[in-house]
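Trainee:
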């Protein structure tokens, strides 16, 4: 059994039987779960100590689950898995736009839930060292490219230096700090109240792909994850 004793998961679910099933399924794999039944309780608990992951139901007695996701990501950002009876595509897209990492519809298979939780946590564990390095070091090296964040310089492997606008440099830096993780348009824009139909980030992604010589028809570096956002698919080293 692959144990995860130090991982704390908050489970927001107002139906006690379902909460018990979620917690017992995860406990078998060493995850420590704390159950809360209202959005206010979860947000208060997260403010005290940021959890590793929150599993959030959308139908709550005190507030809408989408608002919980929004406020959580604004105040205590962490991994989020939405687990709900809502099977509407609009809810799924909005949840991912607000920063959720995954979305499961009830009724659910406990083994799938465990697999999804472990997958999310692995992504966060991989990205954490890169984010720490990125905050202290100025030169990112990836896929034959170098990016000097101090002077917004993108340098190809043949030595050619490609000019980036301030917005393009900021976008690339966000991607480099969190490689191999799906980022929503809101996360990439650094804004929280982005209209779900705002496509300005898509334009910036297209421009950045061209400068990185990333084929827009079949991109290898900046991949589109439909309904969720974008993923920077490369190993990043910082110097």
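Numbering (this note's numbering), first residue to last: 9 to 247.
Note that CB positions come from ideal geometry on N, CA and C, so glycine has one too.
This one's a predicted model, so the numbers in the text were calculated from it and none came from an experiment.
Would you kindly work out how many angstroms separate the C-alpha atoms of residue 241 and residue 230, rounded to a whole number?
Mentor: Going by the C-alpha atoms only, they are around 6 Å apart.
Trainee: How would you call residue 109, buried or exposed, if buried means at least 16 neighbouring beta carbons within 10 angstroms?
Mentor: Classification of residue 109: buried, given that the 10 Å Cβ count is 16 or more.
Trainee: Taking the Cβ atom as the reference point for each residue, do residue 181 and residue 170 lie within a distance shorter than 7 Å?
Mentor: Contact: no.
Trainee: At 4 residues or longer, and completely inside the region 30–102: list those alpha helix (DSSP H) runs for me, N to C.
Mentor: List check, alpha helix (DSSP H) in window: 47–56 and 73–83.
Trainee: In whole angstroms, give me the CA-to-CA distance for residue 155 and residue 106.
Mentor: If I take the Cα positions, the gap works out to 29 Å.
Trainee: Note down, in chain order, each residue of its chain lying with its Cβ closer than 8 Å to the Cβ of residue 204, except the 5 sequence neighbours on either side.
Mentor: The predicted position of residue 204 is uncertain, since its pLDDT is 49 and thus under 50; no value can be drawn from it.
Trainee: By alpha-carbon positions, which one of 123, 187, 191 and 213 ends up nearest to residue 36?
Mentor: The candidate whose alpha carbon is nearest that of residue 36 is 123.
Trainee: Since residue 54 contacts residue 84 with CB under 8 Å, what's their CB separation in whole angstroms?
Mentor: Confirmed, about 4 Å.
Trainee: Who are the near neighbours of residue 218 in its chain, counting only those whose CB is closer than 8 Å to its CB and skipping five residues on each side?
Mentor: If we look at residue 218 and ignore the five residues flanking it on each side, its Cβ neighbours are 224.
Trainee: Taking just the CA atoms, how far does residue 115 sit from residue 185?
Mentor: Their backbone Cα atoms lie some 36 Å apart in a straight line.
Trainee: Just the C-alpha distance for residue 195 and residue 238, rounded to the nearest angstrom, thanks.
Mentor: When rounded, the distance between both Cα atoms is 10 Å.
Trainee: For the beta strand (DSSP E) containing residue 178, list its first residue and its last residue.
Mentor: Per DSSP, residue 178 belongs to no beta strand (DSSP E); it is in the alpha helix (DSSP H), 174–185.
Trainee: Nearest to residue 149 by alpha carbon, out of 113, 67, 247 and 126?
Mentor: With distances taken between Cα atoms, residue 149 lies closest to 247.
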